[in-house]
Amino acid sequence: MRSVVIVAWLTLLSAQAQQPLLIGYYAGDGRNLEEHRIEQLTHLIWCFGHVRNDSMVISPAQDPIIARMVRMKARNPDLKVLLSVGGWGGCANCSETFARETGRRTFAASVRALLDLHHADGIDLDWEYPAVPGPPGHSYSDADRHHFTLLVRELRRALGDRYEISFAAGGTDECLLKGFEWDRIMPLVDRMHIMSYDLVHGYSTTTGHHTPLYACTGQELSADGAVQLLDSLQVPLEKVVIGSAFYVRIWKDVAPVNNGLFQPGTFSHSISASAVDTTLTAERGWSLFRDKEACAAYAYNSAARQFATYDDPASVAAKAGYVRSKGLGGIMFWQLIDDDPVNGLLNTMHRALRSP
189 MRSVVIVAWL
199 TLLSAQAQQP
209 LLIGYYAGDG
219 RNLEEHRIEQ
229 LTHLIWCFGH
239 VRNDSMVISP
249 AQDPIIARMV
259 RMKARNPDLK
269 VLLSVGGWGG
279 CANCSETFAR
289 ETGRRTFAAS
299 VRALLDLHHA
309 DGIDLDWEYP
319 AVPGPPGHSY
329 SDADRHHFTL
339 LVRELRRALG
349 DRYEISFAAG
359 GTDECLLKGF
369 EWDRIMPLVD
379 RMHIMSYDLV
389 HGYSTTTGHH
399 TPLYACTGQE
409 LSADGAVQLL
419 DSLQVPLEKV
429 VIGSAFYVRI
439 WKDVAPVNNG
449 LFQPGTFSHS
459 ISASAVDTTL
469 TAERGWSLFR
479 DKEACAAYAY
489 NSAARQFATY
499 DDPASVAAKA
509 GYVRSKGLGG
519 IMFWQLIDDD
529 PVNGLLNTMH
539 RALRSP
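Below, the structure is given as structure tokens:
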């Protein structure tokens, strides 16, 4: 009887250890932070620090926000709070800094000091992008690929096993194939996050799904496509986290052909997921659609000639189910401030991820 109890206990521990992670990024000003359902998260990632004089630096104005995030562990003792560096437009000098041994060593030491100071649990690298063009004016080179490996190696040496290391990677084939030495970095990191959103973006001149789960007729890029590519590169899927977008991308000057999908247009603006129910309404001229092949939501306004692409509760639930079925490490989203704190996409995501 005792052996049966032990086996059952070990089985329970194993199941708990394999629970998919639910990771939220946060780049807000602190307003309404405590109203969100932090108990549903496994990780909360503060954004963003920057690289200056070979070091990671955080504005002193952000210190109180980070402190509040860390204090949320009182509500969720299993919560891990990470600090992220970079972001879109935040890594102009990353290529040059991380090309030098002294740059990598100084940076790693500064990360350790910041994690100790803020009582945080790890670092998230959001270099956009190693070896691939990023924002205008950001330098890059083919050598970034190996320098990223050396950076991760230096970080692990400085942080030991006490702190987590994760990194974000663009969701395109170019980013995934050119940017990383997968066999060398994955043993050193806790996980990687696929930015499987902005697959059509502010520079795109044709509409499409910006965060689809699957490829479809008219669009190849998707979260599933990125996962399949990583699997073919022998990246351990239990360390792979896919992304969800808690914001809507809207294009203007879009013809009504195909309800605006895959049509020429100009990116106009974004809105928060929390604003969808009051903005993309029939009263405002919007018609809502679902691409079943891509498992993606979109909308079209014929009067305004506007097209919108976004994640909705159905697509978020589908992504969570995909994570479970594929044995992935989890799902992450950008970002918490864009969600309804009471009954938003996080709530849907958590329910789908944890349902029996």
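Each residue of the sequence shown is one higher than the one before, counting from 189 in this note's numbering.
For glycine and all other residues, C-beta sits at the position ideal for the given N, C-alpha and C.
Because the structure is a prediction, the values reported are computed rather than measured.
By the 16-neighbour rule on beta-carbons within 10 angstroms, Ser462 is buried. Under a 10 Å Cβ-count criterion, Arg472 is classified as exposed, with fewer than 16 other Cβ atoms of the shown protein chains found around its own Cβ. In the three-state reduction of the DSSP assignment, Asp304 falls in the helix class, which pools H, G and I. The beta-bridge partner set that DSSP reports for Gln451 is empty. If you ignore the 5 residues before and after Gly216, its C-beta comes within less than 6 Å of the C-beta of Ile525, all in its own chain and listed in chain order. Here Ile382 carries a strand assignment [DSSP, helix/strand/coil]. Between Met244 and Val273, the C-beta spacing is below 8 Å.
Remark: three or more beta-carbon pairs, one from each stretch, lie closer than 8 Å, so the region 519 to 535 and the region 224 to 242 are flagged as touching. Using a Cβ distance threshold of 8 Å, Thr536 and Ala505 count as a contacting pair. Here Asp526 carries a helix assignment [DSSP, helix/strand/coil].
Listed in chain order, the beta strand (DSSP E) elements of length 3 or more contained wholly in the region 421 to 500 are 428 to 433, 435 to 440, 454 to 460, 474 to 479, 484 to 489, 494 to 498. Assignment of Ile253 by DSSP, reduced to helix, strand and coil, places it in the helix class. If you ignore the 5 residues before and after Arg300, its C-beta comes within less than 7 Å of the C-beta of Ala346, Leu347, all in its own chain and listed in chain order. Burial of Asn489 is indicated by the presence of at least 16 other C-beta atoms within 10 angstroms of its C-beta. Excluding five sequence positions before and after Asp528, the CB atoms of its chain that fall closer than 7 Å to its own CB belong to Ser462, given in chain order.
For Ile373, the uninterrupted alpha helix (DSSP H) run begins and ends at 370 to 373, by DSSP. Where Ser243 is concerned, there is no enclosing alpha helix (DSSP H), although the beta strand (DSSP E) around it starts and stops at 243 to 245. In the pairwise beta carbon analysis, the region 434 to 448 is classified as not touching the region 360 to 376: fewer than three pairs are separated by under 8 Å. In the structure shown, the three-state DSSP call for Asp309 is coil. Cα atoms of Asn447 and Phe495: separation of roughly 8 Å, rounded to the nearest angstrom. The three-state reading of DSSP puts Ser272 in strand, counting E and B together. Ala308 has its alpha-carbon roughly 7 Å from the corresponding atom of Val258. At a Cβ-Cβ threshold of 8 Å, Phe336 and Gly367 count as neighbours. Rounded to the nearest angstrom, the gap between the Cα atoms of Arg292 and Phe286 is 5 Å. The DSSP-derived three-state label of Gly358 is strand.
The bridge partners DSSP lists for Phe236 come to none.
Check the Cα spacing between Leu534 and each of Gln206, Arg219, Glu223, Gly277: the tightest is with Glu223.
Counting other Cβ atoms within 10 Å of its Cβ, Arg437 reaches 16 or more and is therefore classed as buried.
Note that the region 417 to 426 does not touch the region 449 to 468; fewer than 3 beta-carbon pairs, one per stretch, sit closer than 8 Å. For Leu533, the enclosing alpha helix (DSSP H) starts and ends at 533 to 542. With 16 or more other Cβ atoms from the protein chains shown falling within 10 Å of its own Cβ, Leu210 counts as buried. Residue range 209 to 214 is occupied by the beta strand (DSSP E) that includes Leu210.
The beta carbons of Leu221 and Arg256 sit about 6 Å from each other, so the pair counts as a contact at 8 Å. The Cβ atoms of Val429 and Met383 do not sit closer than 8 Å to each other. The C-alpha of Ala502 lies about 28 Å from the C-alpha of Val423.
Taking a C-beta distance under 8 Å as the contact criterion, Gly277 and Cys235 do not qualify as a contact pair.
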